[in-house]
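The listed protein sequences correspond, in order, to chains Y and C.
Numbers in our numbering are just positions in the first sequence, counted from 1, shifted up by 37.
Numbers in our numbering are just positions in the second sequence, counted from 1, shifted up by 37.
Glycine included, every Cβ here is placed at the ideal spot set by N, Cα and C.
Computed from a predicted model, the values in this text were never measured in an experiment.
Everything on this sheet refers to the single structure shown next.
2 protein chains.
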Amino acid sequence: MTHVSIVDIARLAQVSPSTVSRALQNHPRISPERRAEILALAEQLGYRPSQVARSLVTGQTHTIGVVASDVTDPFVAEVLKGVESAARSAGYGLLIAMSNRDPSQEITAATVLLDHQVDGLIVISSRAPDRYRQLPRARENAAGGVAPVVLLNHDFSEAGVYSVRMDNAGAASAAVTLLSQLGHRHIAFVAGPGGGQSSHARLAGYLQGLAANHLTPLPELILQGAGMLEDGWEALTALQTMQPRPTAVLCYNDLAAIGLLAAAARSGVSVPDALSVVGFDNVPLSAYTVPALTTVEQPKAAMGQAAVRTCLRALAGEPAPPIVMSGQIVLRASTGVCRLSDRA
Amino acid sequence: MTHVSIVDIARLAQVSPSTVSRALQNHPRISPERRAEILALAEQLGYRPSQVARSLVTGQTHTIGVVASDVTDPFVAEVLKGVESAARSAGYGLLIAMSNRDPSQEITAATVLLDHQVDGLIVISSRAPDRYRQLPRARENAAGGVAPVVLLNHDFSEAGVYSVRMDNAGAASAAVTLLSQLGHRHIAFVAGPGGGQSSHARLAGYLQGLAANHLTPLPELILQGAGMLEDGWEALTALQTMQPRPTAVLCYNDLAAIGLLAAAARSGVSVPDALSVVGFDNVPLSAYTVPALTTVEQPKAAMGQAAVRTCLRALAGEPAPPIVMSGQIVLRASTGVCRLSDRA
DNA sequence: CTGCGTTGCGCAAACGTTTGCTCAAGTCTG
DNA sequence: CAGACTTGAGCAAACGTTTGCGCAACGCAG
């Protein structure tokens, strides 16, 4: 015998398999004695229901798929943690795949997950959001609809596609305002990965912030990057050769900022005296850099949980409007008043 | 109609479902024309096989479960990445759950995964390794055995339990030797989480290293911790109040070391001049601390991949001996020669 | 005592595959 | 040309559940 199943219990309890099934799921129309007897028997035999068989008939796997760009990114990890806790407490498992920041890997990953019949899909930091409308999610779920896709970090409105994100532009703009109020006039921006919407939004926010503070945007103040440690590291040399030299820099994320901080320390550029640095995400590590990093807090775990809630809501057929959360600046030691007189 | 299935194709192709099934899996005894016809039809209809139904009959889900203590830990994330890539290229999906460093959550997580009928289980940094022998994995897989469990970061030999780890003791000992050769005589150790075997092994290695270099172990030089940023941070004050004051410290992991570095910078303790610091793991960030962290490289991705290979091998019924990898010291700026004369 | 609603349970179909067995037709071998 | 083997395909069971429907027994109101 391969495994104790519902019919084994049925045989021993002298009842039909249906009765056992119903007893186990607290069906109302079953006598208390039978239920007790069956439950006891199940317990005693160490019965574990087959999720697979259950899924086959119900059309639900109680599993949600997550495609993440890269768990190694602390932001992603933190969001994932939120997703996991929310999913777990809702009785859902997590099937995950990584896209390695590659759009085509991303959609194949999504396809694989959907083939495994996940009830819903959460995509963290998609690089190919437009392709989700074409996704082959023909298979209907129990509610008669296709699996909902919720994009985390993207604004997107399409049937069956939901979104949870934060106000990237607003936060970036606020960061620029902060720097401006500290007296900085030449503020650089280390951009994030192309293709990601958060990257665009933060850049837009940076520009808005400049405008709001009557600072003139200069193309050369915008440095390319991909939101990784190396990007910040490399950005420093670029910053140092500029004329006029920027006295502050806003980074796409904390990782880039940390890389920049490291490069500054290595090059003897004193932060914040010679250069103020602002990150984005408020990853745990940002409180432990030298100097501690001023950054924009993102409610990472909350975003993950919101994504799960949105997904579940969509599954239940309830309306699930786009969620946009707002960030908040965490002031630490990497920013200070501008010590240089403006001689531009 | 809920979804295009194998029988839909069969009907259209005027053949039996069995034939379609066989055509799709390249069964030899089927005529090339039929196969072509069926494949074309399947393609055209956008047929996607139901993994669930397949799993029900084959007893395999082509999924391996991963229980991780906390993805937020860069070491774990890096290992997970290795696991994911190896699993993906072997055609396996990943069902993951987090234990939040809690033994009881760990085993419930494992149970949940097994209930989802994962073919195998990989546990990263278990805190409750002994309980895996009792795990209710009654359900047999295709090969007629129970799901193999591979413990990553633990040495454990029990039927059906495999292990991949590194030589923690050796690496820790080597780190101590390095510090000793730099002239340090008072070397402290910030310990890792209790319950984890790697923690014990590194502590043991630290002690071995002291012995090998004729240094006397002092209980007060061993500080408690749990492998988190805060632990290093808090360790510094303890170190500063000791008599004689240690001139070097080995940390359970990079996270603790980074916390310690931050505290040192805050307190004006110069690293490495007044204090040498060595971490463990060589997480990407450790190259970007100030100063850059000397640490022990762990082949994180390789360990993850090895775990998957071990798991697959066990599934195939092949022998899968315990794997132990060796670390290597990465010398960076946080260590230096001892500037203090030994007046103990 | 009739009729009706309720309670407790079984029957059987269904979910979408895979696969052992059977079998007819065709192909060889001797 | 008989027998044996091969090829191509279908039948039906099996995997372990859930669930709509039917039905007997029973309680109760009239």
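So, is residue i buried or exposed, given that buried needs 16 or more other C-beta atoms within 10 angstroms?
| i | result |
| --- | --- |
| Y/His-393 | Given that chain Y is displayed from residue 38 to residue 381, the structure contains no residue 393 of chain Y and the question cannot be resolved. |
| Y/Ala-248 | exposed |
| C/Arg-222 | buried |
| Y/Pro-309 | buried |
| C/Asp-379 | Because the pLDDT of C/Asp-379 is 47, which lies under 50, any placement of that residue in the model is unreliable, and the number read from its coordinates should be weighed accordingly. C/Asp-379 comes out exposed. |
| C/Glu-115 | buried |
| Y/Gly-233 | buried |
| Y/Ala-381 | The predicted position of Y/Ala-381 is uncertain, since its pLDDT is 42 and thus under 50; a value taken from the coordinates is nonetheless stated next. Its Cβ having fewer than 16 others within 10 Å, Y/Ala-381 is exposed. |
| Y/Val-57 | buried |
| Y/Gly-242 | buried |
| Y/Pro-358 | exposed |
| Y/Gln-88 | buried |
| Y/Thr-100 | buried |
| C/Gly-373 | buried |
| Y/Pro-202 | Checking the sequence, you will find Arg at residue 202 of chain Y rather than Pro. Buried, since its Cβ has 16 or more Cβ neighbours within 10 Å. |
| C/Thr-278 | exposed |
| C/Thr-109 | buried |
| C/Gly-231 | exposed |
Can you give me the Cβ contacts of residue i inside the same chain, cut-off strictly under 6 angstroms, excluding the 5 residues immediately before and after it?
| i | result |
| --- | --- |
| Y/Val-367 | Asn-319, Thr-332, Glu-334 |
| C/Ala-300 | Trp-270, Leu-273 |
| Y/His-40 | none |
| Y/Ser-55 | none |
| C/Ala-133 | Note on residue identity: the sequence assigns Ile, not Ala, to residue 133 of chain C. For C/Ile-133, where only same-chain residues beyond five positions count, the Cβ hits under 6 angstroms are Val-103. |
| Y/Ser-200 | Leu-188, His-191, Asp-192, Phe-193, Pro-359 |
| C/Ala-208 | Val-333, Gly-364 |
Contact check, residue i vs residue j under 8 angstroms by CB: the rounded distance?
| i | j | result |
| --- | --- | --- |
| Y/Ala-123 | Y/Val-155 | Between Y/Val-155 and Y/Ala-123 the Cβ distance is about 15 angstroms, and since that is not below 8 angstroms, they are no contact. |
| Y/Pro-328 | Y/Ala-370 | 4 angstroms |
| C/Pro-283 | C/Ala-225 | 4 angstroms |
| Y/Cys-288 | Y/Gly-316 | 5 angstroms |
| C/Leu-215 | C/Ile-161 | C/Leu-215 to C/Ile-161, Cβ: 27 angstroms. No contact. |
| C/Gln-198 | C/Tyr-169 | The sequence shown places Val at residue 198 of chain C, rather than the Gln named in the question. That pair is a contact at about 6 angstroms. |
DSSP state of residue i, grouped into three classes?
| i | result |
| --- | --- |
| C/Leu-297 | helix |
| Y/Cys-348 | helix |
| C/Arg-239 | helix |
| Y/Leu-215 | helix |
| C/Ala-370 | coil |
| C/Ala-196 | coil |
| Y/Arg-202 | strand |
| Y/Gly-130 | strand |
| Y/Leu-260 | strand |
| Y/Thr-284 | coil |
| Y/Thr-109 | coil |
| Y/Thr-98 | coil |
| C/Ala-381 | Any reading at C/Ala-381 is ruled out, since the residue's pLDDT is 41, under 50, leaving its predicted position unreliable. |
| C/Asn-319 | coil |
| Y/Ala-146 | helix |
| Y/Gly-231 | coil |
| Y/Leu-78 | helix |
| C/Glu-355 | coil |
| C/Thr-274 | helix |
| C/Thr-332 | strand |
| C/Val-44 | helix |
| Y/Met-89 | First, the amino acid is wrong: residue 89 of chain Y is Val here, not Met. Note: Y/Val-89 maps to helix in three-state DSSP. |
Please go through the same chain and pick out, in chain order, the residues whose beta-carbon is closer than 7 angstroms to the beta-carbon of residue i, but skip the five residues on each side of it.
| i | result |
| --- | --- |
| C/Thr-326 | Ile-295, Leu-298 |
| C/Glu-74 | Ala-50 |
| Y/Ile-46 | Val-57, Ile-75, Leu-78, Ala-79, Leu-82, Tyr-84 |
| C/Ser-42 | none |
| C/Gly-264 | Gly-229, Pro-230, Tyr-289, Asn-290, Leu-292, Ala-293 |
Grab me the residues of residue i's own chain with a C-beta within less than 8 angstroms of its C-beta, minus the 5 sequence neighbours each way, in chain order.
| i | result |
| --- | --- |
| Y/Ala-127 | Val-345, Leu-349 |
| Y/His-153 | Thr-98, Thr-100, Gly-102, Leu-132 |
| C/Leu-244 | Pro-254 |
| C/Cys-375 | Leu-219, Gly-220, His-221, Arg-222, Thr-284, Ala-285, Ser-313 |
| C/Ser-307 | Ala-301 |
| C/Glu-195 | Tyr-169, Arg-170 |
(message) Against chain C, which members of the stretch 346-367 of chain Y pass a CB distance test of less than 7 angstroms?
(response) none
(message) Please identify, using Cβ separations under 8 angstroms, the residues of the stretch 83-99 of chain C that lie next to chain Y, in order along the chain.
(response) Cβ contacts with chain Y: Gly-83, Arg-85, Pro-86, Ser-87, Gln-88, Val-89, Ala-90, Ser-92, Leu-93, Gly-96, Thr-98.
(message) Tell me which residues of the stretch 137-153 of chain C have at least one Cβ-Cβ distance to chain Y shorter than 7 angstroms, keeping chain order.
(response) Val-149, Asp-152, His-153
(message) Residues of the stretch 117-136 of chain C in Cβ contact with chain Y at a cutoff of 8 angstroms, in chain order, please.
(response) Leu-117, Lys-118, Glu-121, Ser-122, Arg-125, Gly-130, Leu-131, Leu-132, Ile-133, Ala-134, Met-135
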